[in-house]
Amino acid sequence: VLGAVALALTAQIHAAQEVPADLQEAIRLRAQAVAKKDAAVWDRLTTADFTTVLEDGRLQTKAERLTQLKGEKPEALPPPPLAERFSTHGNTAIQRTQGQDRSWIITVWVKDGQDWRVAAVQITPAPKK
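The opening position of the sequence shown corresponds to residue 1068 in our numbering, with each subsequent residue numbered one higher.
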């Protein structure tokens, strides 16, 4: 088990080194915006046609998420993910993150001019035991 944890941490560090610095900064800023419920920053880092597929399969638009975000209370940043992988395809980057609850979040980042923005998120809950 310890070896698997060490391997996962090494893979996570290795993956992060391959991510462009401006994308790493956008990821950091967006995570802070979600935790702090900073709608202005979240809006700036999100495409106009953004959608989220929620854990229950519902599709949520940018307007719906923005309204929801504005109604939430600020919270602490989530703990580091169990795993995180990135793949880049031209001006698109796919971020695959496994949360502490073992759920997976796939985030699609697109480079819009000079800025990275999130175009889509898919949340898949952890399997029930």
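Idealized CB from N, CA, C, for every residue including glycine.
On a predicted model such as this, the values are computed, not experimentally measured, just so you know.
On the DSSP letters alone, give me the boundaries of the alpha helix (DSSP H) that residue i sits inside.
i       : result
GLN1091 : 1088-1103
GLN1135 : 1129-1138
ALA1143 : Where ALA1143 is concerned, there is no enclosing alpha helix (DSSP H), given that its DSSP letter is neither H nor E.
Below 7 Å, is the gap between the Cβ of residue i and the nearest heavy atom of the ligand GTP?
i       : result
ALA1102 : Absent from the structure shown: the ligand GTP. Ligands present: none.
What does a CB cutoff of less than 7 Å around residue i pick up in its chain, not counting 5 residues either side in sequence?
i       : result
LEU1090 : ALA1160, TRP1176, TRP1183
THR1113 : LYS1129, ARG1184, VAL1185
ASP1168 : ALA1193
PRO1148 : THR1164, GLN1165, GLY1166
To the nearest angstrom, report how far apart residue i and residue j are at their CA atoms.
i       : j       : result
ALA1088 : LYS1196 : 38 Å
ILE1080 : GLN1162 : Because the pLDDT at ILE1080 is just 40, under 50, the model does not fix this residue reliably, and the point stays unresolved.
THR1128 : THR1155 : 24 Å
ASN1158 : GLU1142 : 31 Å
ARG1097 : LEU1144 : 11 Å
GLU1092 : VAL1120 : 24 Å
So, at 8 Å on beta carbons, what are the nonlocal neighbours of residue i in its own chain, with the 5 sequence-adjacent residues on each side left out?
i       : result
LEU1136 : VAL1101, LYS1104, ALA1106, TRP1109
ARG1125 : none
GLU1139 : LYS1104
VAL1072 : Model confidence at VAL1072 stands at a pLDDT of 45, short of 50, so the residue's coordinates are unreliable and nothing is read from them.
SER1170 : GLU1122, ILE1190, THR1191, PRO1192, ALA1193
What are the start and end residues of the beta strand (DSSP E) that includes residue i?
i       : result
ARG1125 : First-last for ARG1125: undefined, no H or E at that position.
ASP1179 : 1171-1179
ASP1110 : It is not in any beta strand (DSSP E) - ASP1110 instead sits in the alpha helix (DSSP H) that spans 1106-1111.
ASP1182 : 1182-1191
GLN1162 : 1159-1165
Among the options, which has the Cα closest to the Cα of residue i?
i       : options                   : result
PRO1146 : ASP1116, GLN1165, ASN1158 : GLN1165
GLN1181 : GLN1099, ARG1111, ARG1095 : ARG1111
Between residue i and the rest of its own chain, which residues show a CB-CB distance below 6 Å, the 5 nearest in sequence each way excluded?
i       : result
VAL1086 : PHE1153
ILE1172 : THR1164, ILE1190
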